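Residue numbers (the working numbering): 144 to 317. A virtual CB, placed ideally from N, CA and C, is assigned to each residue, including glycine. Treat the numbers as computed from the prediction; the structure is a model and nothing was measured. Below is one structure; the comments refer to it alone.
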């Protein structure tokens, strides 16, 4: 240890211990700084991946005529001015052999105008859709609002209360 004191120009062996402690502290601080930067970098990468995944799940480049799945309380932009949000479901209790009706309420917003759109599926209690005699237009009656035509694509199945699939057309296409 004495030879190290001579090389470093230190008078006492205790100063060598202080030098070692100080060197260890500097090394420790450097490791903490590197770890902190690595943590921040990896966290930002994970966050950006999650954001990217959410953006892919919420497809925003729908075209008119595409089948769009609306989930409850989720706003889906269709173009720069039209957005849709599925808000709730209702149904009527049919009489035996009577008509059935289940309805999904969608809030359609265009610029500053909003309206509740009621998209329904109809049928006859106790009869399959192949035997009830209803056409597609009678089963899924379209709703026209502000130059758009909204129509359900399929019956509510296990997704009742959760989501619907619709098609949206502009005035030129219907």
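Extent of the continuous alpha helix (DSSP H) to which residue i belongs
i: residue 282; result: 279–282
Limits of the unbroken beta strand (DSSP E) element including residue i
i: residue 306; result: 306–313
i: residue 293; result: 291–295
i: residue 210; result: 210–214
Other residues of its chain near residue i: CB distance less than 7 Å, five sequence neighbours each side excluded
i: residue 297; result: 308
i: residue 263; result: 244, 245, 246 and 284
i: residue 313; result: 207, 290 and 291
i: residue 233; result: 246
i: residue 213; result: 219, 227, 229, 249, 306, 307 and 309
Classification of residue i by the beta-carbon crowding that lies within 10 angstroms, buried from 16 upward
i: residue 181; result: exposed
i: residue 221; result: buried
i: residue 260; result: buried
i: residue 280; result: exposed
i: residue 184; result: exposed
i: residue 171; result: exposed
i: residue 211; result: buried
i: residue 177; result: exposed
Sequence-distant residues of the same chain with beta carbon closer than 6 Å to residue i, five excluded per side
i: residue 282; result: 265
- Please confirm if the stretch 261–273 is in contact with the stretch 232–242, defined as three or more CB-CB distances below 8 Å between the two stretches. yes
- Taking only runs of the alpha helix (DSSP H) that begin and end inside the stretch 220–285, which ones reach a length of at least 4 residues, in chain order? 279–282
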